[in-house]
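S.K.:
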DNA sequence: TTCTACAGTATACATGTGTGCACTGAAAAA
DNA sequence: TTTTTCAGTGCACACATGTATACTGTAGAA
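Residue numbers (this note's numbering), protein chains in the order written: chain R, 1 to 208; chain S, 1 to 208.
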């Protein structure tokens with residue numbers, strides 16, 4: 001069986017999952033402590049054994065989100081075996097991630113505006129980390145392909161903005177139409193990468 | 001003085017403004033009917049003379065948003081006198097819009113996820129209209145400049161996604177740092193436009 | 001085996017919530 | 001002038017909310 005610490009952790013998980021489920025539908029600010037407790041099958045007062053208020057729970061959700069985003073990056077890199085299109089593989093990983101973690105993703109996109117200040121700060125920190133990692137990837141790729149980019153960090157930020165925005169649509173879309181969405185995101189990302197390329201100097205072109 | 005119909009309209013405005021103010025901070029789902037009524041300085045029961053519930057109020061907010069977005073487009077076009085950079089003028093108009101209508105903009109960006117289904121539907125319809133108008137503008141400009149674009153509607157969608165995402169940061173940013181943000185958005189938009197340009201065929205380049 | 005720490009329960013209370021009902025007073029219609 | 005209309009009020013209700021206080025049962029330390 002589970003020992004005491006494990007049991008406590010399990011209940012904590014239940015609370016986090018409950019908050020995620022309820023918050024994704026209505027927006028996190030509209031979820032009450034009592035609702036979360038009920039959804040997690042504990043009494044309202046037992047809630048305080050885990051979090052001192054809803055605000056603290058929300059910060060735990062952001063941690064959860066950060067973790068999952070790093071997992072996403074790892075998956076995307078793993079799935080890219082060197083052959084094929086890195087963009088396609090990444091976008092596919094991303095849309096799969098959104099499909100499999102709709103509640104976390106809703107948190108990410110929905111609470112940028114609207115939540116408490118501490119919450120927003122934590123959220124933007126996670127998004128910032130994600131953009132940084134993507135910047136590193138872009139740097140590496142552009143060096144490997146000898147296709148230098150003007151402003152890799154702006155390119156990364158732009159790609160993330162577009163992917164996150166368009167990715168949000170995936171959640172409410174019937175599954176069979178998601179491949180179309182994947183194609184559109186891929187096209188958008190390619191537009192951004194193409195627009196970020198430094199022009200190849202004419203000299204090189206003219207003397208093959 | 002105000003006649004009866006005007007008075008009623010004035011109170012309706014107060015309700016809408018109140019809802020916008022409160023909803024922008026906490027997320028719309030977290031705002032109660034009673035709060036809105038109090039903020040608008042009427043009794044809770046008088047609320048029902050204007051809207052049959054909070055959901056209906058929220059749809060009025062979306063109308064408000066649509067109106068303001070069309071106003072934004074008109075302003076941006078008006079401010080562009082033909083000289084200078086159309087991108088710069090548009091982005092400046094946009095960031096000014098966000099600065100002057102922070103609550104409407106929060107509604108736009110914050111409630112895509114999380115609100116009721118009818119609300120989201122209305123919201124996306126407005127965003128869709130905005131993207132369409134921008135597509136038309138891009139078409140016109142690219143024809144005027146004889147620089148055809150691959151996929152104007154995808155370009156427009158991408159530009160809107162990026163501008164709306166980055167524009168959201170303007171609200172919480174101290175005023176004096178907004179010019180930097182404007183520059184970053186301008187760069188991002190230019191990246192997208194550049195990436196959307198059809199390659200100039202080599203033939204034309206080689207025979208001037 | 002006894003004792004203690006502590007996750008979870010039960011009960012209670014003040015306050016907030018949506019909404020029904022009967023009302024008022026003044027603008028507008030008759 | 002009299003009557004009607006109707007935005008806004010006051011009160012009342014059943015129910016939800018956050019949280020304080022006292023409790024219980026059991027895992028794990030002594």
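No residue lacks a Cβ here, since even glycine has one placed at the ideal position from N, Cα and C.
Using a cut-off of 9 Å between C-beta atoms, extract the partners of residue 138/R located in chain S.
M.R.: The premise fails here: residue 138/R is roughly 13 Å from chain S at the closest Cβ pair, so nothing lies under 9 Å.
S.K.: Write down the C-beta distance between residue 124/R and residue 69/R rounded to the nearest angstrom, noting that I regard them as a contact closer than 8 Å.
M.R.: About 13 Å; that fails the 8 Å criterion.
S.K.: If you pair each beta-carbon of the segment 112-126 of chain R with each one of the segment 134-141 of chain R, do three or more pairs fall below 8 Å?
M.R.: The answer is no - the segment 134-141 of chain R does not touch the segment 112-126 of chain R, with fewer than three Cβ pairs under 8 Å.
S.K.: Which residues does DSSP pair with residue 149/R in a beta bridge?
M.R.: DSSP output for residue 149/R lists 197/R as bridge partner(s).
S.K.: Whose C-beta lies closer than 6 Å to the C-beta of residue 169/R among residues of the same chain, with five residues either side of it excluded?
M.R.: Hits under 6 Å: none found.
S.K.: Going by beta-carbon coordinates alone, are residue 27/R and residue 114/S separated by less than 8 Å?
M.R.: In contact: residue 27/R and residue 114/S (Cβ atoms closer than 8 Å).
S.K.: Using 8 Å as the threshold, is the C-beta distance between residue 195/R and residue 191/S below it?
M.R.: Yes, they are a contact pair.
S.K.: Would you say residue 3/R reaches chain S, if we count a Cβ-Cβ gap shorter than 8 Å as a contact?
M.R.: So no, residue 3/R is outside the interface.
S.K.: Any idea if residue 165/R is buried or exposed, counting beta-carbon neighbours within 10 angstroms, 16 or more meaning buried?
M.R.: Residue 165/R should be labelled buried.
S.K.: Hey, residue 144/R and residue 62/R are a contact pair by Cβ (cut 8 Å); roughly how many whole angstroms apart?
M.R.: Rounded, the Cβ-Cβ distance is 33 Å, inconsistent with contact.
S.K.: Spell out whether any CB of chain S is found under 8 Å from the CB atom of residue 90/R.
M.R.: It does not; no Cβ of chain S falls within 8 Å.
S.K.: How about the segment 28-37 of chain R and the segment 21-40 of chain S: do they share at least three Cβ pairs that are nearer than 8 Å?
M.R.: These segments touch.
S.K.: Would the beta-carbon of residue 40/R fall within 8 Å of that of residue 11/R?
M.R.: Yes; because the gap between Cβ atoms is below 8 Å, this pair is in contact.
S.K.: Who are the near neighbours of residue 197/S in its chain, counting only those whose CB is closer than 7 Å to its CB and skipping five residues on each side?
M.R.: If we look at residue 197/S and ignore the five residues flanking it on each side, its Cβ neighbours are 147 and 149.
S.K.: Find out if the Cβ-Cβ distance for the pair residue 107/R, residue 65/R is shorter than 8 Å.
M.R.: Cβ atoms of residue 107/R and residue 65/R: closer than 8 Å.
S.K.: May I ask you to verify whether the segment 45-64 of chain S touches the segment 53-60 of chain R, counting CB pairs closer than 8 Å and requiring at least 3?
M.R.: As far as the Cβ criterion goes, the segment 45-64 of chain S does not touch the segment 53-60 of chain R, which means the pair count is below three.
S.K.: Quick check: is the beta carbon of residue 162/S nearer than 8 Å to any beta carbon in chain R?
M.R.: Closer than 8 Å: yes.
S.K.: Interface residues of chain R around residue 16/S at Cβ under 9 Å?
M.R.: Chain R residues near residue 16/S: none, gap ~18 Å exceeds 9 Å.
S.K.: Ordered along the chain, which non-local residues of its own chain (more than five positions away) have a Cβ less than 6 Å from that of residue 104/S?
M.R.: Here the set comprises 65 and 68.
S.K.: Taking all protein chains shown into account, do 16 or more other C-beta atoms lie within 10 angstroms of the C-beta of residue 176/S, making it buried, or fewer, making it exposed?
M.R.: So residue 176/S ends up on the exposed side.
S.K.: Please state the DSSP three-state secondary structure of residue 134/S.
M.R.: It is helical.
S.K.: Can you tell me the Cβ-Cβ gap for residue 162/S and residue 91/S, rounded? I've got them flagged as a contact below 8 Å.
M.R.: Not confirmed; about 10 Å, so no contact.
S.K.: Check residue 18/R in the structure and name its three-state DSSP category.
M.R.: Residue state, collapsed to three classes: helix.
S.K.: With 8 Å set as the bound, which would you pick, yes or no: does the beta-carbon of residue 177/S sit closer than that to a beta-carbon of chain R?
M.R.: Not closer than 8 Å to any Cβ of chain R, the Cβ of residue 177/S fails to qualify, so no.
S.K.: Quick one, which of 60/S, 186/S, 154/S and 89/S has its alpha-carbon nearest residue 126/S's?
M.R.: When only C-alpha atoms are compared, the closest one is 60/S.
S.K.: Enumerate in chain order the residues of its own chain whose CB-to-CB distance from residue 207/R is below 6 Å, with the five nearest sequence positions on each side excluded.
M.R.: Unreliable positioning characterises residue 207/R in this predicted model, as indicated by a pLDDT of 36, which lies under 50. The coordinate reading is nonetheless provided below. Closer than 6 Å at Cβ, skipping near neighbours: no residue.
S.K.: Check whether the Cβ of residue 148/R lies closer than 7 Å to any heavy atom of the ligand GDP, and answer yes or no.
M.R.: Absent from the structure shown: the ligand GDP. Ligands present: none.
S.K.: For residue 208/S, name the three-state secondary structure that DSSP assigns.
M.R.: Bear in mind that a pLDDT of 33 at residue 208/S, under 50, signals an unreliable position, so the number given afterwards is only what the model happens to contain. Coil, per DSSP.
S.K.: Give the secondary structure of residue 188/S by DSSP, where H, G and I count as helix, E and B as strand, and everything else as coil.
M.R.: Reduced to three states, the DSSP call for residue 188/S is helix.
S.K.: Would you call the CB atoms of residue 102/R and residue 171/R closer than 8 Å?
M.R.: Result yes, Cβ atoms of residue 102/R and residue 171/R sit closer than 8 Å.
S.K.: Counting only Cβ pairs nearer than 9 Å, list the residues of chain S close to residue 252/R.
M.R.: Residue 252/R lies beyond the stretch modelled for chain R, which goes from 1 to 208, so this question has no answer here.
S.K.: Let me make sure I understand the geometry here. Which of 186/R, 199/R and 45/R has the alpha-carbon closest to that of residue 151/R?
M.R.: Of the candidates 186/R, 199/R and 45/R, the one whose C-alpha sits nearest the C-alpha of residue 151/R is 199/R.
S.K.: To the nearest angstrom, how far is it from the Cα of residue 47/S to the Cα of residue 13/S?
M.R.: Their backbone Cα atoms lie some 12 Å apart in a straight line.
S.K.: Indicate whether at least one CB of chain R lies closer than 8 Å to the CB of residue 118/S.
M.R.: Not closer than 8 Å to any Cβ of chain R, the Cβ of residue 118/S fails to qualify, so no.
S.K.: How far does the alpha helix (DSSP H) with residue 96/S in it reach, from first residue to last?
M.R.: Here the alpha helix (DSSP H) through residue 96/S covers 86-100.
S.K.: Excluding the five sequence neighbours on either side, which residues of its own chain have a C-beta within less than 7 Å of the C-beta of residue 158/S, listed in chain order?
M.R.: Cβ neighbours of residue 158/S beyond the five flanking positions: 192.
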